[in-house]
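Encoded as structure tokens, the structure appears first; notes follow it.
Numbering (the working numbering), first residue to last: 104 to 260.
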């Protein structure tokens, strides 16, 4: 492969869509939390991973969210339903399936199978994710776990 081809291949492997695919495959589906350092910039800003009112910053805060979620649902698998990229930002629709077998969410295990839908956008620079936005069905999670019922649950059924 000539030099221009090698540079193009390297850039392709570092674009936002490729980084996003690697993120979900390596970290969530394979449980390789050590990949955070390879994929996430040290000062990355992540919206929607544990705190609705403020972002998490960097890998350490993401890992706290990850360990809580993974300890509650260790079998989590995320399927990317669609990934598109525009400029330095990739967008994905995804489906997560899991079983609530641990206490990481602050609840006793229910052993319930859960399916959630969500969307993620991530912006890349210099081969790392520098910002992400995550929107996922937290109401659906509460409903499926049985902690949301009555009229409120009916609104989201």
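Every residue, glycine too, gets a C-beta built ideally from N, C-alpha and C.
| Delimiting residues of the beta strand (DSSP E) encompassing residue 188 | For the purposes of this step, residue 188 is taken as the residue at position 85 of the chain shown. That run of the beta strand (DSSP E) goes 180–189.
| task | Let me know the secondary structure DSSP gives residue 160 once reduced to three states. | result | Within the chain shown, numbered from 1, the residue matching residue 160 stands at position 57. Three-state DSSP puts residue 160 in a strand.
| Are residue 139 and residue 148 touching if we call contact CB-CB under 8 angstroms? | Taking the first residue of the chain shown as position 1, residue 139 is located at position 36. Taking the first residue of the chain shown as position 1, residue 148 is located at position 45. Contact: no.
| said: Only counting the same chain, and skipping five residues up and downstream in sequence, which positions put a Cβ closer than 7 angstroms to that of residue 136? | reply: Stepping through the chain shown from its first residue, residue 136 is reached at position 33. Excluding sequence neighbours, residue 136 sits near 130, 166 and 169.
| Just the Cα atoms here: how many angstroms apart are residue 266 and residue 181? | An answer regarding residue 266 cannot be provided, because it is not within the stretch 104 to 260 covered by the chain.
| said: If the criterion is Cβ atoms closer than 8 angstroms, does the pair residue 219 and residue 236 meet it? | reply: For the purposes of this step, residue 219 is taken as the residue at position 116 of the chain shown. For the purposes of this step, residue 236 is taken as the residue at position 133 of the chain shown. Not in contact: residue 219 and residue 236 (Cβ atoms no closer than 8 angstroms).
| said: Using only the alpha-carbon positions, how far apart do residue 196 and residue 186 sit? | reply: Here residue 196 refers to the residue found at position 93 of the chain shown. Here residue 186 refers to the residue found at position 83 of the chain shown. Each residue's Cα considered, the two are about 7 angstroms apart.
| From 202, 162, 157 and 189, residue whose alpha carbon lies closest to that of residue 179 | In the chain shown, counting from the first residue as 1, residue 179 sits at position 76. With distances taken between Cα atoms, residue 179 lies closest to 202.
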